[in-house]
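Residue numbers (the numbering used here), protein chains in the order written: chain A, 37 to 536; chain B, 4 to 345. One structure is given below, encoded as structure tokens.
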Ligand SMILES: Nc1ncnc2c1ncn2[C@@H]1O[C@H](COP(=O)(O)OP(=O)(O)OP(=O)(O)O)[C@@H](O)[C@H]1O
Ligand SMILES: [Mg+2]
């Protein structure tokens, strides 16, 4: 333990199992005041589970739990909160129907002597806090109306400014753009100086190395190493995570990559002059069979809206979609699906049924292919099992409720829904968000395989790496307009960032 | 019901009995309530626990049961239908309106052959359900408001048809099913049982049934899975109206008369049956099995209170309190389940 400071939090021999499955086995974990502690590990390694124990969400486990050296047992998340522990969960847990200000103050709104909420004061203070964090938004707007990245920022802001001594961030950056990540890191460093202990979970190992003082690696519910960030490298961490050499798995994309010559296969989708108030302006492009089109841009550049329009969830104000030569106006998502379009949105929550078993989640979008009137559960399970195997979803039990899978495995299920009967056009928003390096690689291979089978694929992402690793041709979207197209030319992370 | 398919996982849970029970709270609590109420009334009154009285209870809950089948679909989709009782009423009145009445009945009605009368009545309730469906899905009026308006509209049509009078005659098929019996078993009980069974089979074994659960479980996810959510919501509103209509026709035959405001208590009773049975008000959880238990709880309660000596005005209050308790359990069960899934 460096410098011999007294840990603010200490866990000893933590074991936690869900039914028969052990999610954590004998984990020791200590957190010092004024440290940023990075946590990495594959999907399902047990990171979120450990953090939920600290935050009082999981209360049944074995092992010792000490705060300031004194043994403690939380009975609820409220106990943890009272002890100064605040957490940003991997799954966004904001209240979409409340205002931004209410979300910032969730649970401790300022009240006057009569116990009435002081709205004006709340709005003002919320606005101040958010703008300190570089967020410019009307505190009285409904949170659910904002883009998901902004919602995530607001939730982070709420937790960071809650005055907690221990702040836990479970994959907070997955929906943020690079400048926002930068702002987050600046704030984290400031909090560290004030003595706050911070746990930071991410699959972006560069980020972890850049911001954290100590890194702990988890594998299969066990802690495998803990080192000072300065003493380790990305390759070493990946190797510890997956238990074999990981250099081949991650590229940094800082060097130029040459995009191939544009394909001249048949046009599956033609988008012509698409416009949507305040989101998209005259967007036109084509997607061809056997080609991956990447669309890159910062958060709020109109990607989300574009993907919704392609899948019939949103109606554009102007412009046309031409699918395989026929102009289409999708009246519903069902119509889009019938026309051969499939979408994996960036939010798992929007795509999955948490209280239903995995196999029902996978079969839902193809039920009409396997049954006309009566369900065929055996066949559904069969299909689901194949996808679970192919995507290496853990644990490989198709009868398990989806909510029991780790975040990254849920993301794989979202993709699995469309793979049994591949569509003609597959639209993927942030397909690798929340996935560990191995899983990201799997997704990259799956997408390449689908491309080889002649699908037209559109990948929309705010992460340059995702687009670079998948796309044959890249459009850059900025404030709702296509500002640059990269094709048959060198491209790199820097070039993309510059164009956006 | 739907959750029983996680059984393989439950089998692996060595010490997981407590979480399992917690997640099954919604199915267990109504059952315990039923056992408790039955035991209480059996103890309090010797005339309660008899075969005859069981028959009474079954007959008493039959109309509610028929209406509750459709309502179960609606609530599973996290919607509500407040027009069920009014639609039952207007359909019952309509079938009488198209039947030849005795000369002393002073209604300017249109007598038709029985089959035509039944067909028109069914078309009427289906049409009203379709209006509900269009209001909800095409215009986007929340079902709570849309069906509140429909409640008034259906009551208005009833009023125009009977004009304050009472009609007595219904087609012979309806009167047999509503008030006849076969081998000592009332037809109305058999019809209710068949409708409940059919509802259960549709919800459990058909693709449509699965869609109902999925739409109720997470509507946004259903949409992103490419389901036609509006079509499914529209369909459940029509199903609800048709079930209500059938319940209304049987009820009119059962009561022996068709008049205004005859079904007013059925709105609360049907909602209570579905919710007390444990079907989640937030959608996606529960089913006809729950509704059947709910019907029995309600039937035992209503019937049992008649067997013990208490103020009949107090009975109304007691029913209200029991309903409140059931609602609390319903909401609480949802929370426990979510916790169990953390
Ligand atoms: N409520 C639950 N019930 C049953 N199993 C669970 C539950 N929550 C987590 N698990 C299991 O525990 C293991 C660890 O999950 P955890 O969410 O901690 O992973 P993680 O390291 O956060 O992964 P990711 O990077 O994908 O978020 C997984 O195998 C997961 O399926
Ligand atoms: Mg996690």
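Ideal placement from N, C-alpha and C gives every residue a C-beta, glycine not left out. It should be emphasised that the depicted structure is a prediction, and the values quoted were computed from it without experimental measurement.
Can you find a CB in chain A that lies within less than 8 Å of the CB of residue 56 (chain B)?
-> No, residue 56 (chain B) lies away from the interface with chain A (no Cβ there is under 8 Å from its Cβ).
Grab me the residues of residue 492 (chain A)'s own chain with a C-beta within less than 8 Å of its C-beta, minus the 5 sequence neighbours each way, in chain order.
-> 304, 305, 323, 324, 325, 326, 327, 329, 460, 461, 462
Does the distance from the CB of residue 87 (chain A) to the CB of residue 206 (chain A) come in under 8 Å?
-> Yes, the pair counts as a contact, with Cβ atoms nearer than the cut-off.
Residue 123 (chain A) bridges to which residues according to DSSP?
-> According to DSSP, residue 123 (chain A) bridges with A:204.
Inter-residue spacing [alpha-carbon to alpha-carbon] between residue 262 (chain B) and residue 58 (chain B) | 26 Å
Would you kindly work out how many angstroms separate the C-alpha atoms of residue 58 (chain A) and residue 214 (chain B), rounded to a whole number?
-> Per the coordinates, the alpha-carbon of residue 58 (chain A) lies some 34 Å from the alpha-carbon of residue 214 (chain B).
Could you please give the first and the last residue of the uninterrupted beta strand (DSSP E) stretch that includes residue 363 (chain A)?
-> 362–364
In the DSSP assignment, find the unbroken alpha helix (DSSP H) run with residue 395 (chain A) in it and report its ends.
-> 394–399
So residue 255 (chain B) packs on residue 98 (chain B), CB below 8 Å; how close in whole Å?
-> In this structure residue 255 (chain B) touches residue 98 (chain B) by the C-beta definition: roughly 7 Å separates them, less than 8 Å.
Distance between beta carbons of residue 370 (chain A) and residue 231 (chain B), contact taken as under 8 Å | 4 Å
If residue 257 (chain B) and residue 143 (chain B) are in contact, beta carbons under 8 Å, what's the gap, nearest whole angstrom?
-> With 8 Å as the limit, residue 257 (chain B) and residue 143 (chain B) do not qualify as a contact, their Cβ atoms being about 38 Å apart.
What do you get for residue 158 (chain B), buried or exposed, if any count of 16 or more other CB atoms within 10 angstroms of its CB means buried?
-> buried
For residue 147 (chain B), count neighbouring Cβ atoms within 10 angstroms of its own Cβ and tell me buried if that reaches 16, exposed if not.
-> That one is exposed.
Just mark residue 558 (chain A) as buried or exposed, buried being the case when its beta carbon has 16 or more other beta carbons within 10 Å.
-> Because chain A in this structure spans residues 37 to 536, residue 558 (chain A) falls outside the shown range and cannot be described.
Residue 209 (chain A) beta carbon near ligand 1 (any heavy atom closer than 7 Å) = Distance from the C-beta of residue 209 (chain A) to the nearest heavy atom of ligand 1 is not below 7 Å.
Run down chain A in chain order and give the residues with a C-beta less than 7 Å from the C-beta of residue 224 (chain B).
-> 386, 387, 388, 389
Do the CB positions of residue 336 (chain B) and residue 21 (chain B) come within less than 8 Å of each other?
-> Judged by beta-carbon spacing, residue 21 (chain B) lies beyond the 8 Å limit of residue 336 (chain B), meaning their Cβ atoms are not closer than that value.
For residue 526 (chain A), does the three-state DSSP call read helix, strand or coil?
-> strand
Could you have a look at residue 446 (chain A) and say whether DSSP puts it in helix, strand or coil?
-> helix
Return the Cβ separation of residue 108 (chain B) and residue 63 (chain B) in integer angstroms, given the expectation that the two are a contact with Cβ distance under 8 Å.
-> At roughly 27 Å, the Cβ-Cβ gap does not stay under 8 Å, so residue 108 (chain B) and residue 63 (chain B) are not in contact.
Residue 72 (chain B) versus B:225, B:290, B:328, residue with shortest Cα-Cα distance | B:290
Between residue 206 (chain A) and ligand 2, is the CB less than 7 Å from at least one heavy atom?
-> yes
By Cβ distance, which residues of its chain are closer than 6 Å to residue 532 (chain A), with the 5 residues on each side in sequence left out?
-> 332, 500
Should residue 525 (chain A) be labelled buried (16 or more other beta-carbon atoms within 10 Å of its own) or exposed?
-> exposed
Comparing the C-beta of residue 209 (chain B) with each C-beta of chain A, is any distance below 8 Å?
-> yes
For residue 102 (chain A), which residues from the same chain have a beta carbon less than 6 Å from its beta carbon, with the 5 sequence-adjacent residues on both sides left out?
-> 46
May I ask which residues mark the beginning and end of the alpha helix (DSSP H) holding residue 421 (chain A)?
-> 413–426
Three-way DSSP call (helix, strand, coil) for residue 41 (chain A) in this model = coil
If we ignore side chains and look at the alpha-carbon of each, how far apart do residue 559 (chain A) and residue 225 (chain B) end up?
-> Examination of residue 559 (chain A) is not possible in this model, given that chain A is present from 37 through 536 alone.
Out of B:300, B:322, B:117, B:316, point me to the one whose CA is closest to residue 36 (chain B)'s CA.
-> B:300
Where residue 488 (chain A) sits in the DSSP three-state scheme = helix
Test: residue 287 (chain B) CB closer than 8 Å to a CB of chain A = yes
Looking at the structure shown, is residue 152 (chain A) part of a helix, part of a strand, or coil, going by DSSP?
-> coil
Spatial neighbours of residue 82 (chain B) in its chain, beta-carbon cut-off 6 Å, leaving aside the 5 residues before and after = 146
Span separating the alpha-carbon of residue 134 (chain B) from that of residue 55 (chain B) = Each residue's Cα considered, the two are about 42 Å apart.
State the DSSP-derived secondary structure class of residue 510 (chain A), mapped to helix, strand or coil.
-> strand
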